[in-house]
Amino acid sequence: MTRGAADTHHSTASGGERLVFAGFLAVLFWAPLPFASNRVWAGALLCLLLALLSLAWALLALRGRAHIAPATWRRARLPLAVLALVQAWVLLQTLPLPPALLAALSPQAARWQPGDGWAPLSLDPTATRYYLLRGCAISLGFFLAVATLDSTHRVRRLLQVLVASGTCQAVFGVLMVLTGLELGFFVHKYVGLGAATGTFVNSNHFAGYLVMCLAAGTGLLLAQLHSGPARSLRQHLRDALALLLSSRMRLRVYLALMVIALVMTHSRMGNLAFFLSLAIAGALALLAGRRFSWSLVLFLASLFLVDMLILGHWFGVDRLIHRLGEVGSQPGAELTRYALNRDSLPYLGDFLLTGSGGGSFYGIFPNYQGAAVDGYFEHVHNDYLEFALELGLPAAALLAIAAGYCLWQALATQRLRRNPLLRGAGFSVVMAGAWAGLHSAVDFNLQIPANGLTLAVLLALGCVIRELSSNNKQ
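In full-length UniProt numbering, the protein residues as written are 1 to 474.
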């Protein structure tokens, strides 16, 4: 294992490369602000900013002032190749094909395309081109994380920026509800009134973003837990109390603010996925450790007990519990999701291999929509299904494999590395991945540019920390 080769101390980086990293962090902070970048202009701007940063890094690399360590490149090249391949496929979906080839690849698309001439696989090329733009932005975000996170100092900065962004979003979202102003991004909210949404439109997507920022903050706090030889339970209790009373309490307060906002989103799956992902990541961290850690157990217990039972009692957890209790007794939303999934299965069968085109679900689904599903749907409430419907099952499977590979690297980091920050960052990646795996089954968080970008950066972090040297100033 060539850990030393995977690091460049932040103080030796060129000035231009440091500016690229600073710009990358600024873009990550910006991405959730304009309606989570889920508007055409905001998505295009996000892609432009990330493309300019990537171009700047490439020019620096050509001049020998920036590089990716060989060990990091070996870990990251598989997911990078998958992302590039998927974007190439989306581009191919927009290109006109000869009628015979189109019929061979997608008979249903060939039947539905107007005319008998050359036509693309996508049944909505305009939407697919914008989908490609968003996909390129997320892929460039993954690349920039791999290219610029070359020290533990920068890993810490990345996690701190996500915590800062989540905290600002949480404070804004809570204040909008408590004051009754109900503003979003410089406009009055028209949906989600009475629930915290930050600068997002949908409270469920805001909850998803908060969980990823909570994962980043939890990893930072875990990096500060005592990791010395095994001691008595009494000493562990004293250490946990010292943590809560120390200057690190500021970070703990930030996490509490985000949990308050998470509760006030009234998002059932957002809150449930937070605690389940925390429990899953905690259990895996305990299994990855060489000895049982009371500090870890007590810390995770404090997140459950203090945040939910005390803070949640003041800020609406009773309403959240009531909404959770409605599942099954008033299953309107659940039945709608079930009917969406059921009606999408024939759709999937018709476009199993090639998809109907990125971003085309809203226009194709009405052809399969049954009487039980009333209204207009831009997305199916299931990320797994939507990727398969629009891109085809092979492309969706490749994306799942790439994500699983990054999570495996993060788990290996927790098992093999002893540096507390790297282990804490690994916890953040696993927790974010567990959240995405759970929440994606009932919502479309990953179709939202800010959330997709943030998750991609965290998954890239999983590849980076596997080989990153810990022999530098933190």
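Where a beta carbon is used, it is the ideal one built from N, C-alpha and C, also for glycine.
Quick check: the Cα distance between Trp89 and Ala215, rounded to an integer number of angstroms? Across the structure, Trp89 and Ala215 are spaced so that their CA atoms are roughly 32 Å apart.
According to DSSP, simplified to helix, strand and coil, what is Ala119? Looking at Ala119 - three-state DSSP - the assignment turns out to be strand.
For Leu324, collect the residues of the same chain with a Cβ closer than 7 Å to its Cβ; drop the 5 residues on either side in sequence, then sort them by chain order. In this predicted model, Leu324 has a pLDDT of only 49, less than 50, meaning its place in the structure is not dependable; the value taken from the coordinates is given anyway. Answer for Leu324: Arg268, listed in chain order.
Within a Cβ cutoff of 8 Å, which residues of the same chain sit near Glu17, ignoring the five residues on either side of it in sequence? Excluding sequence positions up to five before and after Glu17, its CB lies within less than 8 Å of the CB of Trp57, Leu60, Arg65, Ala66 and Thr148, all in the same chain and listed in chain order.
Entirely within the region 126-200 and at least 4 residues each: give me those alpha helix (DSSP H) ranges in chain order. Counting whole runs of 4 or more residues, the region 126-200 contains the alpha helix (DSSP H) stretches 152-179.
On the criterion of 16 or more Cβ atoms from any shown chain inside 10 Å, does Val253 qualify as buried, or is it exposed? Exposed.
8 Å Cβ cutoff met for Leu28 and Val161: The criterion of a C-beta distance shorter than 8 Å is satisfied by Leu28 and Val161.
Nearest by alpha-carbon distance to Met264: which of Ser302, Met176 and Val146 is it? Comparing Cα-Cα distances from Met264 to each of Ser302, Met176 and Val146, the minimum goes to Met176.
Rounded to whole angstroms, how far is the Cβ of His446 from the Cβ of Gly452, which I believe are closer than 8 Å? Just to set this straight, residue 446 is Leu in the shown sequence, not His. Rounded, the Cβ-Cβ distance is 5 Å, consistent with contact.
Starting from the C-beta of Glu182, find all residues in its chain whose C-beta is less than 7 Å away, skip the five residues before and the five after it, and write them out in chain order. The answer, listed in chain order, is Met176, His188, Lys189 and Leu193.
C-alpha gap between Gln113 and Asp350, whole angstroms: One C-alpha to the other measures close to 14 Å.
Within the chosen definition, does the region 269-284 reach the region 428-436 through at least 3 CB pairs nearer than 8 Å? Yes: at least three Cβ pairs fall under 8 Å.
Where are the alpha helix (DSSP H) runs, 4 residues long or more, that stay fully inside the region 26-86, in chain order? With a minimum length of 4 residues, the continuous alpha helix (DSSP H) runs that stay inside the region 26-86 are 40-62.
How far does the alpha helix (DSSP H) with Leu97 in it extend, from its first residue to its last? In this chain, Leu97 is not harboured by any alpha helix (DSSP H), its DSSP state being neither H nor E.
By the 10 Å Cβ neighbour count, where 16 or more other Cβ atoms means buried, how is Ile364 classified, buried or exposed? Flag for Ile364 reads buried.
Can you give me the start and stop residues for the alpha helix (DSSP H) that Ile465 sits inside? That residue, Ile465, is in no alpha helix (DSSP H); it is neither H nor E in DSSP.
Span of the alpha helix (DSSP H) around Val263: Note, Val263: alpha helix (DSSP H), Met249 to Met264.
Between which two residues does the alpha helix (DSSP H) containing Ala441 stretch? Secondary structure note for Ala441: it is in no alpha helix (DSSP H), with a DSSP letter that is neither H nor E.
Selection from Pro107, Leu140 and Ala145 that minimises the alpha carbon distance to Leu468: Of the listed residues, the one whose Cα sits closest to Leu468 is Ala145.
7 Å Cβ shell around Ala456 - same chain, five flanking residues per side excluded: Shown here for Ala456: same chain residues with a beta carbon closer than 7 Å to its own, the five before and five after excluded, namely Ile138, Gly141 and Phe142 in chain order.
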